[in-house]
Amino acid sequence: MTRETFIVGNWKMYKSIAEAKEFVHVLRKHLKSSQKIYLAVPYTTIHSLAIEVKDTGIVIGAQNLHQAKEGAFTGEISGLMLKEAGADFVLVGHSERRHVFQESSQLVHQKLLAALSFSLRPIVCVGEKKEEREAGQTEEILKQQLEESLGVLTLEQLKHVVIAYEPVWAIGTGLTATPEMAEQAHQFCREVISHKWGYEAADQISILYGGSVKVDNSESLLSQTNIDGLLIGGASLDPENLSKIISKI
Ligand code: PGA
Numbered sequence: 010m011t012r013e014t015f016i017v018g019n020w021k022m023y024k025s026i027a028e029a030k031e032f033v034h035v036l037r038k039h040l041k042s043s044q045k046i047y048l049a050v051p052y053t054t055i056h057s058l059a060i061e062v063k064d065t066g067i068v069i070g071a072q073n074l075h076q077a078k079e080g081a082f083t084g085e086i087s088g089l090m091l092k093e094a095g096a097d098f099v100l101v102g103h104s105e106r107r108h109v110f111q112e113s114s115q116l117v118h119q120k121l122l123a124a125l126s127f128s129l130r131p132i133v134c135v136g137e138k139k140e141e142r143e144a145g146q147t148e149e150i151l152k153q154q155l156e157e158s159l160g161v162l163t164l165e166q167l168k169h170v171v172i173a174y175e176p177v178w179a180i181g182t183g184l185t186a187t188p189e190m191a192e193q194a195h196q197f198c199r200e201v202i203s204h205k206w207g208y209e210a211a212d213q214i215s216i217l218y219g220g221s222v223k224v225d226n227s228e229s230l231l232s233q234t235n236i237d238g239l240l241i242g243g244a245s246l247d248p249e250n251l252s253k254i255i256s257k258i
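Going from the sequence shown to the working numbering is simple: count from 1 and add 9.
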């Protein structure tokens, strides 16, 4: 089974509209017609970038959404609004959402359902903290986060979902899981999915690695059997850097 490869940039709270447009302008020059790249960008840049990247391999998405379609939720944004602005995918349960904004896996599940209902492809992020890894709890945490975040999705719904394994201790720290450590965690995530949805579904789902991915470590991570792509924060802010990573696929 050949799984789809996803190279996803997560810009977090960086880039003005002008900077975002300039980025895409440069990236397009490097992108071959067959190549695809996903960019999770700030809300304010989604609409203008979606227009800018039409008919290119660049796909625009968001970094978060509210679980409701609409309502009295001051400061929030719904999947419907993101879709209308031109987003095609959305990150759910990124570790900064889980740990800085205290989002539980139950909430992540509701956001996942909202994303699916508006035809936004959800990229569901899971990962253990440093102290959890040190206490030997990595698998327990991954199992719990996956089971609670994915909930009782049907096989049909699961087909649209992408998973990202991002060890919290590796995000923005310069510490990367070794390709072997990441491969082991990815294999485990696939087992958890297999137990619930069967071997075929587990074999088909793309699982990305994230956490201090750079040009230098991208190739060895991507060469692992169970690593189907990368979720890149800091290194995705520079178009030259990002295109070097894409060239490793
Ligand atoms: P990083 O971020 O590549 O800067 O570690 C990854 C992420 O937050 O998704």
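From the three backbone atoms N, C-alpha and C, an ideal C-beta is built for every residue, glycine too.
From a predicted model like this one, the values you see are computed outputs, not experimental measurements.
Short of 7 Å from the beta carbon of Glu137, and not among the five residues preceding or following it, lie these beta carbons of its own chain, in chain order: Gln146, Thr147, Ile150, Leu151, Pro176 and Val177. In this structure, His118 has its CB at a distance of at least 7 Å from all heavy atoms of the ligand PGA.
Sequence-distant Cβ neighbours of Gly219 in its own chain, meaning closer than 6 Å and more than five residues away, are Ala173, Glu175 and Leu240. One Cα belongs to Phe197, the other to Ser227, and the distance between them is close to 21 Å. For Gly243, the shortest separation between its Cβ and any heavy atom of the ligand PGA lies below 7 Å. Pairwise C-beta distances place the region 199 to 208 out of contact with the region 243 to 257, as fewer than three of them are shorter than 8 Å.
The region 21 to 36 and the region 52 to 65 touch, with three or more beta-carbon pairs separated by less than 8 Å. Linking Arg12 to Glu31 through their CA atoms gives a straight-line distance of about 31 Å. For Leu159, the enclosing alpha helix (DSSP H) starts and ends at Thr147 to Leu159. Per DSSP, reduced to three states, the secondary structure at Ala179 is helical. Ile202 is the residue among Val224, Ser221 and Ile202 whose C-alpha sits nearest the C-alpha of Ser215. Each of Ser256, Glu200, Thr234 and Ala29 was checked against the Cα of Asp225, and the nearest Cα belongs to Ser256. In the displayed model, Ser245 falls within a helix according to three-state DSSP.
The continuous beta strand (DSSP E) containing Val171 extends over residues Val171 to Tyr174.
Using a cutoff of 7 Å, the CB of Gly219 counts as near the ligand PGA, since one of the ligand's heavy atoms is closer than that. Closest option to Val222, judged by alpha-carbon separation, among Glu192, Ser232 and Thr185: Thr185.
Taking C-beta separations shorter than 6 Å and ignoring five residues to either side along the sequence, the partners of Gly88 in its chain run Leu74, Ala123, Ala124, Phe127 and Leu129, following chain order. Judged by DSSP secondary structure, Asn73 falls outside any alpha helix (DSSP H); it is assigned neither H nor E. At least one heavy atom of the ligand PGA lies closer than 7 Å to the C-beta of Leu240. Excluding five sequence positions before and after Thr182, the CB atoms of its chain that fall closer than 7 Å to its own CB belong to Ser221, given in chain order. Residue nearest to Thr14 within the set Ile86, Ser232 and Cys134 is Ser232 (criterion: CA-CA distance). Here the distance from the Cβ of Glu175 to the nearest heavy atom of the ligand PGA is below 7 Å. In the DSSP assignment, the residues bridged to Asn19 are Ala49. Leu230 and Pro188 do touch by the CB rule: their CB atoms are close to 5 Å apart, below 8 Å.
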